[in-house]
Structure formats: structure tokens, C-alpha cells
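Using the UniProt record's numbering, you'd call the opening residue of the sequence shown number 1 and step up by one each time. Beta carbons are placed, not taken as given, at the ideal position from N, Cα and C, and that holds for glycine. Keep in mind it's a predicted model, so treat the numbers as computed, not measured. See below for the structure under consideration.
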Amino acid sequence: MKEGAAVELGDSSKAASRGNNRGISILDFILRIIAFVCTLGSAIAMGTTNETLPFFTQFIRFRAEYDDLPTLIFFVIANAVVSGYLILSLPISIFHIMRSRAQNSRIILIILDTSMLALLTAGASASAAIVYLAHKGNTRTNWFSICQQFNSFCERISGSLIGSFGGVALFILLILLSAVALSRQR
């Protein structure tokens with residue numbers, strides 16, 4: 001009688017583990033969709049940012065665009081690549097919901113997620129330095145802040161950075177969730 005109770009207890013613990021992993025997989029799917037929205041929104045916001053100011057006359061104008069700076073171009077490309085990856089990873093996330101015990105695909109997803117986290121962090125961090133210079137300037141090197149003149153431009157690029165760093169935080173959560181799901185399977 002005691003042996004049968006131990007077998008039932010083992011089966012119920014495996015079922016609870018599968019249920020927990022299914023919940024983790026559903027949360028993974030939802031976080032991927034939110035991260036997609038953050039990164040795509042950041043890429044679109046940065047890629048469509050420009051502002052033109054008249055200078056003395058209507059014919060002479062100053063224009064600020066994201067593609068004036070290679071760092072911001074890299075930011076747009078990095079966010080677009082990560083957005084594409086997130087869309088392509090959704091079927092694997094759905095597969096994990098259906099088969100919560102899958103291990104190899106989770107390991108591959110952790111590796112790819114870590115690569116995308118590195119790319120997204122590089123783009124956002126490099127752009128953050130440029131945005132800081134746009135806001136504060138650097139008087140020692142005669143770089144003046146442009147945000148007093150190009151206010152709308154600076155607001156949009158700052159908002160774009162917020163979305164991208166939100167994507168970075170979500171990727172960290174995704175990697176941790178995958179690691180927890182893998183550790184519960186052993």
C-alpha cells in the first residue's frame with residue numbers, strides 16, 4: 001500500500017511540474033508579444049523622427065533626422081532585427097505551451113534570446129550616449145545641446161530609448177523564465 005502511495009505522489013508531482021512549465025510557457029509567449037511591441041515601436045519612433053527649424057529666413061533651415069547619426073541608424077536596425085526575431089520565435093513559444101517538457105528547443109531559445117539581448121543592449125546603450133549629448137551637450141568638446149531648439153526630435157528619441165530598454169528588461173525576464181523551466185525538468 002505504501003509503494004502505491006509513493007507512485008501516486010510521484011505522478012502528481014510530475015503533473016504539477018508540467019502545469020507550472022505550461023504557465024511559464026504562456027507567460028513567455030505574452031512577454032514575447034510585449035517585447036515585440038516595445039522593440040518595433042522603438043524602431044518606428046526612431047526611424048520616423050525628424051524636425052526642421054527655420055533659420056533667419058524661410059529658405060535656410062536646420063534639419064535634425066535620426067539618420068544624421070550612425071549610432072541612431074544602428075539603433076533602428078538593431079530594434080528591427082530583434083522585432084523580426086521575436087515574431088519568428090512565437091511559434092517555438094507556442095510549441096512550448098503544447099509540449100512543456102521540451103528541452104532542446106528551450107536551450108536553443110536561451111542562446112538566441114541571449115544573442116538578441118546583446119544586440120538590443122548594444123543599440124540602446126550606444127544611442128543613450130548620443131541622446132545624453134543631445135540633451136546635455138559637452139562644453140569641454142564644444143558639443144552644444146540641441147534639445148532646446150529641437151524639442152520634438154529629442155522627445156521622440158528619448159521615448160524610443162525607453163521602449164528599447166523596456167525590451168531589454170523583458171529579454172532578461174524571458175531568459176530567466178526559460179532557465180527556470182529547464183531547471184524544473186531535471
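Hey, how far is the Cα of T121 from the Cα of R140?
28 Å
According to DSSP, is A102 helix, strand or coil?
coil
Which one of A124, A134 and I130 has the shortest CA to CA distance from C38?
A124
Determine the extent of the alpha helix (DSSP H) in which S145 is found, giving its start and end residues.
No alpha helix (DSSP H) contains S145, which DSSP labels as neither H nor E.
Could you pull out every residue in the same chain whose Cβ sits closer than 7 Å to the Cβ of I92, ignoring the five residues on either side in sequence?
S105 and L109
Rounded C-alpha distance that separates L133 from S127:
10 Å
Please list, in chain order, all residues of the same chain as V7 whose beta carbon is under 6 Å from its beta carbon, the five residues on each side excluded.
Below a pLDDT of 50, predicted positions are generally treated as unreliable, and V7, at 45, falls in that range; the measurement from the model is reported next regardless. Counting only Cβ-Cβ distances below 6 Å, and skipping sequence neighbours, we find nothing.
To which residues of the same chain is L31 closer than 8 Å at the C-beta, ignoring the five residues directly before and after it?
L170, L173, L174 and L177
With distances taken Cα to Cα, identify the nearest neighbour of C147 among H96, L112, N21 and N50.
N50
What are the start and end residues of the alpha helix (DSSP H) that includes L69?
First-last for L69: undefined, no H or E at that position.
Contacting residues, own chain, Cβ-Cβ under 8 Å from G4 (five flanking each side not counted)
Legend: pLDDT at G4 = 49, less than 50; position of this residue unreliable, value from coordinates given subsequently. Correct list: empty, nothing qualifies.
Spatial neighbours of M1 within its chain, please: C-beta separation below 6 Å, excluding the five flanking residues on both sides.
Unreliable placement is indicated for M1, whose pLDDT of 47 sits below 50; no coordinate value is reported for it.
Sub-9 Å separation of A179 and N21 beta-carbons:
no
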